[in-house]
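Accompanying notes for the structure given below.
Number of protein chains: 2
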Amino acid sequence: MEVYAPASIANLGPGFDVFGVALDDVGDVLRLEVVPERGVSVSVGGLEADSIPVDARANSAGAVLQHAAEVYGVGHGFHVEVEKGVPPGKGLGSSGASAAAAAYAVCRLLGLNPSRREFIRLATVGEAAVAGSAHADNVSASLLGGFTMVGNDYDVIRLEPPAVEIVVVVPDVHYENKTRLARSLLPEKVRLREAVFNIGSASRMAAAVALRDTVLFGRSICDNLVEPRRARMIPHFREVKQAALDAGAYGCSIAGGGPSVFAVGENTVEIGKAMVAAFEDAGIESEVYLTRPSSEGARVV
Amino acid sequence: MEVYAPASIANLGPGFDVFGVALDDVGDVLRLEVVPERGVSVSVGGLEADSIPVDARANSAGAVLQHAAEVYGVGHGFHVEVEKGVPPGKGLGSSGASAAAAAYAVCRLLGLNPSRREFIRLATVGEAAVAGSAHADNVSASLLGGFTMVGNDYDVIRLEPPAVEIVVVVPDVHYENKTRLARSLLPEKVRLREAVFNIGSASRMAAAVALRDTVLFGRSICDNLVEPRRARMIPHFREVKQAALDAGAYGCSIAGGGPSVFAVGENTVEIGKAMVAAFEDAGIESEVYLTRPSSEGARVV
Numbered sequence: 548m549e550v551y552a553p554a555s556i557a558n559l560g561p562g563f564d565v566f567g568v569a570l571d572d573v574g575d576v577l578r579l580e581v582v583p584e585r586g587v588s589v590s591v592g593g594l595e596a597d598s599i600p601v602d603a604r605a606n607s608a609g610a611v612l613q614h615a616a617e618v619y620g621v622g623h624g625f626h627v628e629v630e631k632g633v634p635p636g637k638g639l640g641s642s643g644a645s646a647a648a649a650a651y652a653v654c655r656l657l658g659l660n661p662s663r664r665e666f667i668r669l670a671t672v673g674e675a676a677v678a679g680s681a682h683a684d685n686v687s688a689s690l691l692g693g694f695t696m697v698g699n700d701y702d703v704i705r706l707e708p709p710a711v712e713i714v715v716v717v718p719d720v721h722y723e724n725k726t727r728l729a730r731s732l733l734p735e736k737v738r739l740r741e742a743v744f745n746i747g748s749a750s751r752m753a754a755a756v757a758l759r760d761t762v763l764f765g766r767s768i769c770d771n772l773v774e775p776r777r778a779r780m781i782p783h784f785r786e787v788k789q790a791a792l793d794a795g796a797y798g799c800s801i802a803g804g805g806p807s808v809f810a811v812g813e814n815t816v817e818i819g820k821a822m823v824a825a826f827e828d829a830g831i832e833s834e835v836y837l838t839r840p841s842s843e844g845a846r847v848v
Numbered sequence: 548m549e550v551y552a553p554a555s556i557a558n559l560g561p562g563f564d565v566f567g568v569a570l571d572d573v574g575d576v577l578r579l580e581v582v583p584e585r586g587v588s589v590s591v592g593g594l595e596a597d598s599i600p601v602d603a604r605a606n607s608a609g610a611v612l613q614h615a616a617e618v619y620g621v622g623h624g625f626h627v628e629v630e631k632g633v634p635p636g637k638g639l640g641s642s643g644a645s646a647a648a649a650a651y652a653v654c655r656l657l658g659l660n661p662s663r664r665e666f667i668r669l670a671t672v673g674e675a676a677v678a679g680s681a682h683a684d685n686v687s688a689s690l691l692g693g694f695t696m697v698g699n700d701y702d703v704i705r706l707e708p709p710a711v712e713i714v715v716v717v718p719d720v721h722y723e724n725k726t727r728l729a730r731s732l733l734p735e736k737v738r739l740r741e742a743v744f745n746i747g748s749a750s751r752m753a754a755a756v757a758l759r760d761t762v763l764f765g766r767s768i769c770d771n772l773v774e775p776r777r778a779r780m781i782p783h784f785r786e787v788k789q790a791a792l793d794a795g796a797y798g799c800s801i802a803g804g805g806p807s808v809f810a811v812g813e814n815t816v817e818i819g820k821a822m823v824a825a826f827e828d829a830g831i832e833s834e835v836y837l838t839r840p841s842s843e844g845a846r847v848v
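Residue numbers (our numbering), protein chains in the order written: chain A, 548 to 848; chain B, 548 to 848.
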């Protein structure tokens with residue numbers, strides 16, 4: 548069984564731990580096969596494959612398969628081959644894409660048809676294994692496609708995604724345990740005023756998606772809770788964001804746990820160039836992805 | 548000039564200082580006339596008129612008129628007669644309705660056509676005069692009708708309101724300076740986790756309004772930020788809310804600064820009875836309003 552799952556951007560500015568959106572043209576391919584002996588073996592190829600553990604318990608696809616084998620009482624084992632198309636550790640939901648692909652593949656292979664909630668719960672096991680937190684924003688978007696809103700207890704609302712152009716600029720900076728680091732920058736408590744600001748921006752963004760208002764969507768990429776605290780992870784973040792806005796972006800923020808920076812606008816080629824130039828001013832090379840939201844989530848290929 | 552402005556419910560659970568919705572069948576009527584001598588005189592009739600100041604600076608309609616006279620350089624004065632249909636001090640946006648009616652009336656009378664932002668800014672002067680905080684959630688809904696989302700700097704998004712039945716139960720409890728008290732119960736800082744919960748619920752509510760999904764709307768009335776802290780203002784709040792949910796309400800929370808409690812569901816007559824009975828168990832009389840969101844805001848009658 549060969550399955551593809553798209554990359555995703557979580558948070559999208561105001562929707563920390565709530566919003567995710569699947570991306571076109573960037574994703575992982577996963578080949579899953581049944582093997583007679585119990586247990587899960589993992590091999591990884593593709594982008595920065597060396598950086599990804601092949602120990603099944605520490606690999607987001609492997610952890611999902613191990614969990615599925617236990618929960619669903621499977622009498623055999625699995626071998627999984629992950630072909631990374633999503634660059635790991637950059638904020639594009641790399642572990643989420645592999646986890647979503649694994650959850651999708653194993654359910655198809657075993658002929659299971661779990662509820663959406665159970666499906667997402669299963670995929671989230673992969674995030675918990677890798678990132679130490681069972682956040683469901685990336686996996687929901689990778690699994691279901693579209694624009695997703697995560698509620699309590701794996702309850703997810705999925706909307707058709709906005710028809711916007713997205714540019715993602717991935718700076719060449721590296722962190723060990725990046726997701727953990729990104730979370731450690733967030734305080735336990737925040738000002739009520741900051742929370743109200745994000746409630747307002749996130750509500751506008753959700754309404755913009757439902758109304759298919761792409762300008763309102765882009766202008767709702769405003770975040771007073773997370774961005775100011777994670778900006779320090781990304782050298783010259785403020786300059787890069789300003790460059791995006793000056794080049795006509797409706798909005799710009801950090802993709803998930805970073806260090807990727809994404810922007811939404813009409814002319815993403817120009818916006819991307821301006822962002823790359825701003826990183827260059829700081830002596831940082833970066834890579835650009837020109838993409839858009841994807842309606843489709845995990846699927847057999 | 549005779550103007551009507553509807554009552555409103557602010558916050559609607561998750562959207563503290565962001566959401567407002569105008570209500571049908573409950574509102575203030577305001578009669579505005581020009582008088583030769585400068586200055587603003589106010590008279591108040593209707594519901595609990597005795598509790599409302601007639602000093603123009605302390606009256607939400609009067610403060611708006613005084614401000615308008617100064618800002619727009621009017622060479623005469625105003626007399627305004629407010630006929631209260633919105634019970635004051637209950638969380639139904641009473642001062643906001645009078646302020647919105649005054650802003651609407653004075654602009655019509657003077658032939659002004661301010662931008663939406665300026666219109667809301669003007670109406671908000673009334674809230675600042677009465678409540679000590681220039682919150683725009685109630686006035687926006689009263690002025691524009693429908694479901695409103697307040698952003699920074701009087702920037703308001705208006706959506707057609709959801710087609711739901713709303714029951715509002717107004718317990719017979721009284722507070723001096725109720726809005727100030729309600730705000731004083733809120734801390735300066737809240738847990739990030741609480742904020743994320745409200746970001747999720749508010750986003751769902753905004754999407755539900757845009758999608759016209761009345762069940763999702765009702766089920767999104769979930770608030771971890773404000774409700775737990777203001778619940779102490781309302782004797783037996785938890786029992787009343789549980790009674791509403793047990794009677795089939797999709798959701799139930801405090802209307803604005805309270806002490807009114809509102810619920811959304813199919814059978815609001817039964818839900819309202821259950822809520823009244825729960826207040827009665829605590830020895831508290833209450834009044835019931837069966838209403839629904841109003842598309843129409845302030846208007847000449």
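Glycine included, C-beta positions come from ideal geometry on N, C-alpha and C.
Source: prediction; values computed, not measured.
Does the beta-carbon distance from residue i to residue j come in below 7 Å?
i	j	result
Val-686/A	Ala-647/A	yes
Gly-692/B	Lys-631/B	no
Ala-644/A	Gly-574/A	yes
Ser-590/B	Ala-569/B	no
Leu-758/A	Ala-757/B	yes
Val-714/A	Ala-794/A	no
Thr-695/A	Gly-567/A	yes
Ala-753/B	Ala-742/A	no
Arg-779/B	Leu-733/B	no
Pro-634/B	Ser-598/B	no
Ala-649/A	Leu-612/A	yes
Leu-772/B	Val-737/B	yes
Asn-558/B	Gly-812/B	no
Ile-801/B	Glu-774/B	yes
Gly-620/A	Cys-769/A	no
So residue i contacts chain A; which residues on that side make the cut at Cβ distance below 7 Å?
i	result
Ala-749/B	Ile-746, Ala-749 and Ser-750
Quick one: which chain B residues come within Cβ less than 8 Å of residue i?
i	result
Ile-704/A	Arg-751, Ala-754 and Leu-763
Pro-561/A	Ile-746
Leu-772/A	Leu-739 and Ala-742
Starting from residue i, find everything on chain B with Cβ-Cβ shorter than 7 Å and list it in chain order.
i	result
Asp-564/A	Val-743
Lys-736/A	Lys-736, Val-737, Arg-738 and Leu-739
Ala-757/A	Ala-754, Ala-757 and Leu-758
Leu-733/A	Leu-739
Could you pull out every residue in the same chain whose Cβ sits closer than 7 Å to the Cβ of residue i, ignoring the five residues on either side in sequence?
i	result
Ser-642/A	Ser-607, Gly-673, Glu-674, Val-677 and Ala-678
Arg-766/B	Tyr-797 and Gly-798
Asp-719/A	Ile-831, Glu-832 and Ser-833
Ala-825/B	His-783, Glu-786, Val-787 and Ala-790
Gly-805/B	Gly-638, Ala-729, Arg-777, Met-780 and Ile-781
His-623/B	Val-581, Val-582, Pro-583 and Arg-585
According to DSSP, is residue i helix, strand or coil?
i	result
Gly-765/B	helix
Asp-702/A	coil
Lys-725/B	helix
Asp-770/B	coil
Pro-734/B	coil
Glu-665/A	helix
Ala-650/B	helix
Arg-655/B	helix
Arg-759/A	coil
Pro-775/B	helix
Phe-826/A	helix
Gly-795/B	coil
Met-696/B	strand
Ser-588/B	strand
Ala-810/B	strand
Given that residue i touches chain A, what residues does it touch there, using C-beta distances under 8 Å?
i	result
Gly-698/B	Gly-747, Ser-748 and Arg-751
For residue i, which residues in the same chain have their Cβ closer than 6 Å to its Cβ, ignoring the five residues on either side in sequence?
i	result
Pro-553/B	Ala-569, Leu-570, Gly-574, Ser-689 and Ser-841
Lys-637/A	Val-717 and Ser-807
Lys-788/B	Cys-799
Val-848/B	Glu-549 and Tyr-551
Glu-628/B	Arg-578 and Ser-590
Kindly list the residues whose CB is nearer than 8 Å to the CB of residue i, restricted to its own chain and excluding five residues on each side of it in sequence; keep chain order.
i	result
Asn-660/A	Cys-654
Assess contact between the stretch 688 to 703 of chain A and the stretch 812 to 826 of chain A, defined as three or more Cβ pairs (one per stretch) separated by less than 8 Å. Is contact present? no
Pairing CB atoms from the stretch 563 to 583 of chain A with CB atoms from the stretch 658 to 673 of chain A, are three or more of them under 8 Å? no
Would you say the stretch 647 to 666 of chain B touches the stretch 745 to 764 of chain B, given that touching needs at least three Cβ pairs under 8 Å? no
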